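Note that the sequence shown ends on residue 307 in full-length UniProt numbering; no numbers are left out. Even for Gly, the Cβ is constructed at its ideal location relative to N, Cα and C. Note that this is a predicted model, so its numbers are computed, not measured. Structure, as structure tokens:
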Amino acid sequence: MSSETCLSPVRQNAQTNIDDYKDIISSLPDSLLTHILSFLPIQDSVSTSILSSRWRPLWTLVPVLDLNQVRLVERCSEEKNEKFKFVDIVSRIVALQNAISNPIPLHKLCICWYYSCHPFYVDTWPRATNITDLRELDLHLHTSHQPMELPRTLYFSTSLVVLKLGFAIHLNPPSAFVLPCLRILLLNCVIFANRDSLSTILNACPVLLDLTLRVDDRYLKILNEFNVIVLVGTLKRLHLRWNVQPSSKYRFQINTPVLQYFHFSGYLNGDDVLENLPNMVEFVVQIEDCDRINDYAKSMGLCGKTL
Numbered sequence: 001m002s003s004e005t006c007l008s009p010v011r012q013n014a015q016t017n018i019d020d021y022k023d024i025i026s027s028l029p030d031s032l033l034t035h036i037l038s039f040l041p042i043q044d045s046v047s048t049s050i051l052s053s054r055w056r057p058l059w060t061l062v063p064v065l066d067l068n069q070v071r072l073v074e075r076c077s078e079e080k081n082e083k084f085k086f087v088d089i090v091s092r093i094v095a096l097q098n099a100i101s102n103p104i105p106l107h108k109l110c111i112c113w114y115y116s117c118h119p120f121y122v123d124t125w126p127r128a129t130n131i132t133d134l135r136e137l138d139l140h141l142h143t144s145h146q147p148m149e150l151p152r153t154l155y156f157s158t159s160l161v162v163l164k165l166g167f168a169i170h171l172n173p174p175s176a177f178v179l180p181c182l183r184i185l186l187l188n189c190v191i192f193a194n195r196d197s198l199s200t201i202l203n204a205c206p207v208l209l210d211l212t213l214r215v216d217d218r219y220l221k222i223l224n225e226f227n228v229i230v231l232v233g234t235l236k237r238l239h240l241r242w243n244v245q246p247s248s249k250y251r252f253q254i255n256t257p258v259l260q261y262f263h264f265s266g267y268l269n270g271d272d273v274l275e276n277l278p279n280m281v282e283f284v285v286q287i288e289d290c291d292r293i294n295d296y297a298k299s300m301g302l303c304g305k306t307l
């Protein structure tokens with residue numbers, strides 16, 4: 001008697017259902033399968049290529065590339081029982097993607113390199129991928145080398161919607177450029193080329209809705225003075241962490257008529273200007289010099305609101 005006939009009807013039905021399920025999944029269109037894979041960590045997405053010839057090229061069609069050093073190195077080292085270098089893992093992934101005849105344009109690229117970062121590779125990897133239609137870019141780098149200069153082409157992107165930059169990234173924007181689709185901008189302790197670099201970038205974002213800015217004395221030490229001038233008519237959310245001593249030379253001005261949510265923590269001085277905020281819904285302030293918070297509330301007409 002064959003092994004199949006020895007199975008109970010229930011187990012035979014279960015086996016049939018499993019087989020049908022596998023066939024259904026594999027028969028889904030590429031667009032749906034790659035959409036599912038886009039929610040997986042990159043190492044899991046790549047692993048699906050061993051399932052069958054049907055699955056082998058699918059991960060290369062995913063328009064999301066999330067390269068997080070901690071997750072990639074720990075996962076690969078645990079599975080192979082040996083230590084892998086982040087640069088080797090990512091270089092291999094990029095090479096495999098470029099091995100296909102028509103690489104799919106990336107919509108999201110994330111590179112988080114927390115230690116032993118070499119900006120040369122970070123500059124090379126995006127150039128080796130298809131980023132002509134890039135919509136979201138997230139770069140957070142920590143390095144003892146010179147900071148990475150943001151590629152000039154990114155300042156002229158017509159597709160970028162989300163831009164998140166952190167730490168060892170040098171921002172030296174051209175005098176004239178525009179990011180027509182950028183709606184979300186996060187700048188976390190980046191290095192600005194001059195005192196007006198931030199203002200230049202904000203002036204080039206005509207539809208910006210959400211701005212998160214963290215500024216630290218350590219990253220302004222090469223500048224004698226710095227301007228934080230936020231004059232963005234479309235901005236609705238502003239998160240500002242200002243870890244700069246009042247003794248530092250800076251100009252601080254916020255004029256955002258449609259701003260609804262403002263979260264601030266840090267130091268301020270008597271020369272700071274916050275004005276034209278008629279649509280404020282939520283105003284959260286944590287000032288290091290607590291004696292001044294009531295003065296700011298009065299100047300902004302927020303004394304009757306909860307701070």
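Exposure label - residue i; buried when at least 16 CB within 10 Å
{"i": "F39", "result": "exposed"}
{"i": "G233", "result": "exposed"}
{"i": "E82", "result": "Note on E82: pLDDT 47, under 50, position unreliable in the model; the coordinate value appears next. So E82 counts as exposed."}
{"i": "S52", "result": "exposed"}
Residue i CB to nearest heavy atom of the ligand NAD below 6 Å
{"i": "S38", "result": "Within the structure as shown, the ligand NAD is missing, as the structure has no ligands at all."}
For residue j and residue i, the rounded distance between their alpha carbons
{"i": "P119", "j": "L202", "result": "25 Å"}
{"i": "L213", "j": "Y115", "result": "23 Å"}
{"i": "G166", "j": "I24", "result": "43 Å"}
{"i": "H170", "j": "F192", "result": "6 Å"}
{"i": "S265", "j": "R152", "result": "32 Å"}
{"i": "D196", "j": "N227", "result": "6 Å"}
{"i": "P174", "j": "L274", "result": "27 Å"}
{"i": "I36", "j": "L28", "result": "11 Å"}
{"i": "N188", "j": "D216", "result": "9 Å"}
{"i": "H107", "j": "Y121", "result": "20 Å"}
{"i": "L198", "j": "N255", "result": "15 Å"}
{"i": "V90", "j": "L67", "result": "7 Å"}
{"i": "P103", "j": "I131", "result": "10 Å"}
Rounded distance between the beta-carbons of residue j and residue i, thought under 8 Å
{"i": "Y261", "j": "E282", "result": "5 Å"}
{"i": "V230", "j": "L238", "result": "7 Å"}
{"i": "V244", "j": "L208", "result": "Contact doesn't hold; Cβ gap of about 22 Å is too wide."}
Beta-carbon contacts of residue i that lie in its chain and below 6 Å, excluding the five residues immediately before and after
{"i": "V162", "result": "E136, I184"}
{"i": "L277", "result": "L259"}
{"i": "T60", "result": "Q97, I100"}
{"i": "A204", "result": "F177, V178, L179"}
{"i": "D210", "result": "I184, R237"}
{"i": "Q286", "result": "S265"}
Delimiting residues of the alpha helix (DSSP H) encompassing residue i
{"i": "T212", "result": "Here T212 belongs to no alpha helix (DSSP H); instead the beta strand (DSSP E) covers 210-216."}
{"i": "Q43", "result": "42-47"}
{"i": "N130", "result": "Looking at the DSSP string, N130 is not in any alpha helix (DSSP H), and its letter there is neither H nor E."}
Cut-off 7 Å between Cβ atoms - residues of its own chain near residue i, not counting five sequence neighbours on either side
{"i": "F86", "result": "Q69, L72, V73, W113"}
{"i": "E225", "result": "R195, K249, Y250"}
{"i": "P57", "result": "I100"}
{"i": "residue 309", "result": "No statement about residue 309 is possible, as the shown extent of the chain runs from 1 to 307 and does not include it."}
The beta strand (DSSP E) enclosing residue i, as first and last residue numbers
{"i": "R251", "result": "250-255"}
{"i": "L65", "result": "64-68"}
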